[in-house]
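Chemist: In terms of the working numbering, the sequence shown opens at residue 115 and continues consecutively.
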Amino acid sequence: MTHPLFEKHRSTLDGALAAIATRGYWSAYPEMPSPKLYGETAPEDGRRAFEVHKGQPFELGQPGQTGWHGGETSPYGVELGTSYPVCTPDALIEAAQTAMTEWQAVGVQGRTGICLEILDRLNKQSFEIAHAVMQTTGQGWMMAFQAGAPHAQDRGLEALAYAWREQSFVPAEAHWEKPQGKNPPLVMKKHFEIVGR
């Protein structure tokens, strides 16, 4: 059975697989910050979403939080005032290990589909991300948009396509038979499952 997120984004993965097979140009994520491509309200929605973060804690809902750290000022002189959670490493490691069981159980198609969905959601936040990149790195607007959003998303998709391609070479089942001369052959039915780590 296929995972619904894998099917939802299958055409994106197929485009990326074709690009890595030919080493040709292809992008799932437009590099021009055009309202025609991202939606008429996307530029203003992204700016407003970024503004909401200023002077606020960047809540991630992580376990083992012991406090906040921050106080950034933009290279442009804008006081960002965003603070980030400080967590105990042991609590984060324990949470990751606990989550691993479900991550493994969803299977390779599920993990690939989830990662494709993450990239899709990040792309929908490209204008917000661009403002954050611009204000934290000092890059100009166009560079912050392209490098911080669609180009980064393309690199993530490329890595995901290579990972999927390599994992798809592993058969789920195989019939193995070794001749034994006059004796009956050794026969095994093999089952392979790629387990995420």
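Ideal Cβ positions, reconstructed from N, Cα and C, are used throughout, including at glycine.
1) Roughly how many angstroms lie between the CA atoms of residue 213 and residue 291, to the nearest whole one?
2) Cβ of residue 97 within 8 angstroms of Cβ of residue 223?
3) For a quick check, are the C-beta atoms of residue 203 and residue 174 less than 8 angstroms apart?
4) According to the Cβ coordinates, are residue 280 and residue 163 closer than 8 angstroms?
5) Check whether the segment 235 to 252 and the segment 122 to 137 are in contact - that is, three or more C-beta pairs closer than 8 angstroms.
6) May I ask you to list the residues that DSSP assigns as paired with residue 187?
7) Under a Cβ-count criterion, where at least 16 other Cβ atoms within 10 Å of its own Cβ denotes burial, should residue 283 be classed as buried or exposed?
8) Provide the residue span of the alpha helix (DSSP H) that contains residue 278, from first to last.
9) Applying the 10 Å Cβ sphere with the 16-neighbour rule, what's the burial state of residue 142?
10) Would you call residue 248 buried or exposed, if buried means 16 or more other Cβ atoms sit within 10 Å of its Cβ?
11) Do residue 151 and residue 157 have their beta-carbon atoms positioned less than 8 angstroms apart in this structure?
12) Assign residue 264 to buried or exposed, taking buried as 16 or more other Cβ atoms, counted over all protein chains shown, within 10 Å of its Cβ.
13) Assign residue 185 to one of two classes, buried (16 or more other C-beta atoms within 10 Å of its C-beta) or exposed (fewer than that).
Modeler: From the atom records:
1) Locating residue 213 in the sequence shown gives position 99, counting from the first residue. Locating residue 291 in the sequence shown gives position 177, counting from the first residue. Cα-Cα distance, rounded: 38 angstroms.
2) Residue 97 cannot be examined here, being either before or after the span of the chain that is shown, 115 to 311.
3) Taking the sequence shown and counting its residues from 1, one reaches residue 203 at position 89. Taking the sequence shown and counting its residues from 1, one reaches residue 174 at position 60. With respect to residue 174, residue 203 sits apart: the two C-beta atoms are not nearer than 8 angstroms.
4) Here residue 280 corresponds to residue number 166 of the sequence shown, with the count starting at 1. Here residue 163 corresponds to residue number 49 of the sequence shown, with the count starting at 1. In this structure, residue 280 keeps its C-beta atom at 8 angstroms or more from the C-beta atom of residue 163.
5) Too few Cβ pairs lie closer than 8 angstroms, so no.
6) Position 73 of the sequence shown, counted from the first residue, corresponds to residue 187. Residue 187 is bridged to 193.
7) Reading the sequence shown from its first residue, position 169 is the one you call residue 283. Of the other Cβ atoms in all chains shown, fewer than 16 fall within 10 Å of the Cβ of residue 283; this residue is therefore exposed.
8) For the purposes of this step, residue 278 is taken as residue 164 along the sequence shown, with counting starting at 1. 264 to 282 is the span of the alpha helix (DSSP H), which, as asked, contains residue 278.
9) Translated into the one-based positions of the sequence shown, residue 142 becomes position 28. Flag for residue 142 reads buried.
10) Indexing the sequence shown from 1 puts residue 248 at position 134. By the beta-carbon neighbour count (other beta carbons within 10 angstroms, threshold 16), residue 248 is buried.
11) Start at 1 with the first residue of the sequence shown, and residue 157 comes out as number 43. Start at 1 with the first residue of the sequence shown, and residue 151 comes out as number 37. Cβ distance not < 8 angstroms, so residue 157 and residue 151 don't count as in contact.
12) For this step, residue 264 is matched to residue 150 along the sequence shown. So residue 264 counts as buried.
13) Translated into the one-based positions of the sequence shown, residue 185 becomes position 71. It is exposed - the Cβ of residue 185 has fewer than 16 other Cβ atoms within 10 Å.
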